[in-house]
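Chemist: Got a structure for you, written out below as structure tokens; questions coming shortly.
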Amino acid sequence: MTKFLHSMIRVTDPDATIAFFELIGLKEVRRFSSEQGRFTLIFLAAPGEEGVAEVELTYNWPPEDGSAAEVYGGGRNFGHLAYRVDNIYETCAALQAAGHIVHRPPRDGHMAFVKSPDGISVELLQDGHLPPQEPWASMPNTGTW
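Quick note: the sequence shown, position 95, residue 97 per the working numbering, numbers continuous.
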């Protein structure tokens, strides 16, 4: 039997990434740091999904010698994460208020795309269906998702 455990994304600013995912409703469920390996793993999950469907944030510490930390580009190469939300309009408004761009607004009341601080595409899907609402219904797409 196969069971989904988690998806892993590399991050450059764990606090900013955790704050982003908290706006969607995820919470940190556990953390592991390795002095020897110089990394931290942070696991996030939606309420009730702990151990079922998690996102692993991998933070590779900057080199001890003071050289530049790794930079991760091409977050789009990952594809995307997807989360069902209770109210897509409220979730998108909270993300916007926190300074994030809604790249594909929820014009249809069903689907939107945003990006994490490291450029990872996150699809938001409405639980059920909401009728189209302004300002979302008239918003154009911005950038890529």
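Don't be surprised by glycine CBs; every beta carbon is placed ideally from N, CA and C.
Under 7 angstroms, do VAL87 and HIS102 count as touching if we go by C-beta distance?
Modeler: Against the sequence shown, residue 87 aligns to sequence position 85. Against the sequence shown, residue 102 aligns to sequence position 100. No, the pair does not count as a contact, with Cβ atoms beyond the cut-off.
Chemist: Between which residues of its own chain and LEU7 is the CB-CB distance below 6 angstroms, once the five residues before and five after are set aside?
Modeler: Residue 7 sits at position 5 when you count from the first residue of the sequence shown. Cβ within range, chain order: n/a, list empty.
Chemist: For the beta strand (DSSP E) containing PHE6, list its first residue and its last residue.
Modeler: The residue you call residue 6 lines up with position 4 of the sequence shown. Taken as a continuous stretch (DSSP letters only), PHE6 belongs to no beta strand (DSSP E), as it is neither H nor E.
Chemist: Below 8 angstroms on the Cβ atoms is my guess for ASN62 versus PHE80; work out the distance and round it to an integer in Å.
Modeler: By one-based count along the sequence shown, residue 62 stands at place 60. By one-based count along the sequence shown, residue 80 stands at place 78. Contact doesn't hold; Cβ gap of about 16 angstroms is too wide.
Chemist: If you drop the 5 nearest sequence neighbours on each side, which residues of the same chain put their C-beta closer than 6 angstroms to that of HIS34?
Modeler: Here residue 34 is taken as the residue at index 32 of the sequence shown, counted from 1. Note that residue 34 is Phe in the sequence shown here, rather than His. If we look at PHE34 and ignore the five residues flanking it on each side, its Cβ neighbours are LEU43.
Chemist: Using CA coordinates, which residue listed in ALA99, MET113, GLN38 is at the minimum distance from ILE90?
Modeler: Within the sequence shown, numbered from 1, the residue matching residue 90 stands at position 88. ILE90 has its Cα closest to that of MET113, out of ALA99, MET113, GLN38.
Chemist: Which residue marks the beginning of the beta strand (DSSP E) containing GLN135, and which one marks its end?
Modeler: As a working note, residue 135 is residue 133 in the sequence shown. No beta strand (DSSP E) contains GLN135, which DSSP labels as neither H nor E.
Chemist: Following the continuous beta strand (DSSP E) through ALA58, name the residue where it begins and the one where it ends.
Modeler: As a working mapping, residue 58 is identified with position 56 in the sequence shown. The amino acid occupying residue 58 in the given sequence is Glu; Ala does not appear at that position. That run of the beta strand (DSSP E) goes 56–62.
Chemist: I think ILE122 touches ILE20, with their Cβ atoms under 8 angstroms apart; what is that distance to the nearest whole Å?
Modeler: Here residue 122 refers to the residue found at position 120 of the sequence shown. Here residue 20 refers to the residue found at position 18 of the sequence shown. With 8 angstroms as the limit, ILE122 and ILE20 do not qualify as a contact, their Cβ atoms being about 13 angstroms apart.
Chemist: Would the beta-carbon of LEU46 fall within 7 angstroms of that of VAL57?
Modeler: As a position in the sequence shown, residue 46 is number 44, starting the count at 1. As a position in the sequence shown, residue 57 is number 55, starting the count at 1. Yes. Within cutoff.
Chemist: On the three-state DSSP scale, how would you describe SER140?
Modeler: Here residue 140 corresponds to residue number 138 of the sequence shown, with the count starting at 1. SER140 falls in the helix class under three-state DSSP.
Chemist: Run the CB neighbour count on SER140, radius 10 Å, all protein chains shown included, and call it buried at 16 or more, exposed below.
Modeler: What you label residue 140 is simply residue 138 of the sequence shown in a count that begins at 1. By the 10 Å Cβ count, SER140 comes out exposed.
Chemist: Decide if ALA70 is buried, meaning its Cβ has at least 16 other Cβ atoms within 10 Å, or exposed.
Modeler: Counting from one through the sequence shown, the residue named residue 70 turns up at place 68. When all chains shown are included, ALA70 counts as exposed.
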